[in-house]
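Asks: I'd like to ask some things about the structure below.
Numbering (the UniProt record's numbering), first residue to last: 1 to 368.
Following this line, the structure appears as structure tokens:
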């Protein structure tokens with residue numbers, strides 16, 4: 001009797017798992033059917049992002065000598081598709097060298113097919129016209145350029161060294177209280193830029209309020225002066241009386257080049273003043289796997305170059321280095337949205353990534 005029950009149980013368990021496995025196979029087939037139906041109506045851009053290899057093999061079967069060119073828009077994933085195209089002995093060309101900005105690409109059987117493609121020439125012309133119009137709209141008008149707003153950034157060194165997606169790299173520039181600063185997020189590292197004043201040869205200050213602040217201004221005064229407008233509150237309120245050290249405070253402000261960040265009469269880039277310098281502080285993003293000290297030490301000890309290019313500062317070129325980035329690497333960027341008038345307290349953002357902050361927060365990330 002017991003043996004019969006055990007045999008029945010074994011049969012029931014076997015039947016159960018057979019049905020479960022069959023159901024799983026059917027579910028997988030259904031998912032494949034659904035995906036294939038969706039694939040048929042996807043654009044080349046969508047296909048390139050999801051499965052570039054399949055897109056290429058289906059569009060250029062080995063059994064055919066002639067095939068219709070593939071033309072699609074791309075962001076960073078085009079680099080993989082370009083490699084797949086070359087592996088398949090196909091010709092590939094994009095409308096822009098940078099891997100950061102939106103652009104278009106074509107894949108054909110041969111390079112001569114690219115030059116013969118009227119569709120490619122028409123799409124390329126239309127795309128470039130739209131891109132130029134977008135930049136003109138962002139450029140604005142006036143004697144000084146309005147460079148505030150968000151920029152998409154490309155840094156090949158960071159991309160290749162840490163294998164990150166540059167489409168997420170952003171830099172947002174703010175103009176506040178006679179200062180020009182920026183928040184940046186480059187995936188593995190984030191922080192703040194502060195632009196330094198131009199050499200004002202023979203140029204008078206606009207008013208007494210434009211004069212650079214002295215390096216002896218205490219951190220307490222610095223943040224109390226901005227507290228009401230920017231909502232950060234006084235120093236004692238935020239850190240407590242026991243955290244405030246006058247001697248260390250003045251040393252920190254002097255080391256922070258605060259007077260160099262007061263821009264004076266030249267407060268925005270223009271055709272005459274395209275070239276600027278900046279200092280930066282920042283912290284490692286993510287899980288702290290790159291550096292033992294998330295808030296990077298000593299990055300503000302050197303100035304880095306920053307150039308605003310035509311049309312009217314909507315394109316940028318520069319360098320950055322220090323911290324775990326090491327030697328200087330090149331940055332390029334293009335404006336993607338105008339300034340929104342958002343507020344930022346540059347002195348406070350600077351302090352959050354200071355020597356004092358590293359020592360008193362255990363080197364934790366600057367985004368408190």
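Glycine included, each C-beta is placed from N, C-alpha and C at the ideal position.
Just tell me which of 140, 105 and 183 has its CA closest to the CA of residue 127.
Replies: 105
Asks: From the DSSP output, which residues share a beta bridge with residue 127?
Replies: According to DSSP, which records beta bridges pairwise, residue 127 is partnered with nothing at all.
Asks: Distance check for residue 73 and residue 332, CA to CA, integer angstroms please.
Replies: Going by C-alpha positions, residue 332 is about 20 Å away from residue 73.
Asks: Let me check one thing: in DSSP terms, what residues is residue 185 bridge-paired to?
Replies: 170 and 190
Asks: Do residue 196 and residue 260 have their beta-carbon atoms positioned less than 9 Å apart in this structure?
Replies: By the CB criterion at 9 Å, residue 260 and residue 196 fall inside the cutoff.
Asks: Could you tell me if residue 112 is buried or exposed, where buried requires 16 or more neighbouring beta carbons within 10 angstroms of its beta carbon?
Replies: exposed
Asks: On the three-pair Cβ rule with 8 Å, is the region 295–302 touching the region 321–335?
Replies: yes
Asks: Rounded to whole angstroms, what's the CA-CA distance from residue 358 to residue 295? Just pull it up for me.
Replies: So the alpha carbons of these two residues sit roughly 6 Å apart.
Asks: Who are the Cβ neighbours of residue 206 in its own chain at under 7 Å, not counting the five residues just before and after it?
Replies: Note that residue 206 scores 40 on pLDDT, short of 50, meaning its location in the model is unreliable; the coordinates nonetheless yield the value given after this. Exclusion of the five residues before and after residue 206 leaves 265 as the residues of its chain whose Cβ lies within less than 7 Å of its Cβ.
Asks: Measure the alpha-carbon distance for residue 16 versus residue 26 and round it to whole angstroms.
Replies: 15 Å
Asks: How about residue 180 and residue 263: do their beta carbons lie closer than 9 Å?
Replies: Contact flag set, yes.
Asks: Report back the beta-carbon spacing between residue 282 and residue 192 to the nearest angstrom; my notes put them in contact at under 8 Å.
Replies: Rounded, the Cβ-Cβ distance is 7 Å, consistent with contact.
Asks: From the DSSP output, read off the bridge partner residues of residue 335.
Replies: 151
Asks: Assign residue 376 to one of three DSSP states: helix, strand, or coil.
Replies: The shown model of the chain, from 1 to 368, leaves out residue 376, and the question about it has no answer.
Asks: For residue 327 and residue 343, what's the separation of their Cα atoms in angstroms?
Replies: 32 Å
Asks: Please go through the same chain and pick out, in chain order, the residues whose beta-carbon is closer than 7 Å to the beta-carbon of residue 148, but skip the five residues on each side of it.
Replies: Taken in chain order, the residues that qualify are 173, 174, 175 and 339.
Asks: Suppose contacts are defined by Cβ-Cβ distances below 9 Å. Is residue 91 in contact with residue 109 by that definition?
Replies: Contact: yes.
Asks: Where residue 279 and residue 162 are concerned, what is the direct C-alpha to C-alpha distance, given to the nearest angstrom?
Replies: Using only the alpha carbons, I get a separation of about 23 Å.
Asks: With DSSP run on the structure shown, which of helix, strand or coil describes residue 265?
Replies: coil
Asks: Below 9 Å between beta carbons: does that hold for residue 135 and residue 307?
Replies: no
Asks: Straight-line CA distance for residue 348 to residue 258?
Replies: Roughly 11 Å between the two C-alpha positions.
Asks: Write down the C-beta distance between residue 139 and residue 311 rounded to the nearest angstrom, noting that I regard them as a contact closer than 8 Å.
Replies: 5 Å
Asks: Residue 350 to residue 182, Cα distance in whole Å?
Replies: Their backbone Cα atoms lie some 11 Å apart in a straight line.
Asks: Work out the CA separation of residue 32 and residue 274 for me, nearest whole Å.
Replies: Residue 274 and residue 32: Cα-Cα distance of roughly 55 Å.
Asks: Residue 369 lies in the alpha helix (DSSP H); which residues open and close that run?
Replies: Missing from the structure shown is residue 369; the chain here goes from 1 to 368 and no further.
Asks: Verify whether the separation of the beta carbon atoms of residue 168 and residue 185 is less than 9 Å.
Replies: yes
Asks: Return the bridge partner residues of residue 307 from the DSSP annotation.
Replies: 275 and 317
Asks: With a 10 Å radius around its C-beta and 16 neighbouring C-beta atoms as the bar for buried, classify residue 267 as buried or exposed.
Replies: buried
Asks: Does the beta-carbon of residue 189 have 16 or more other beta-carbons within 10 angstroms, so that it is buried, or is it exposed?
Replies: buried
Asks: Starting from residue 44, trace the alpha helix (DSSP H) both ways and give me its first and last residue.
Replies: 44–59
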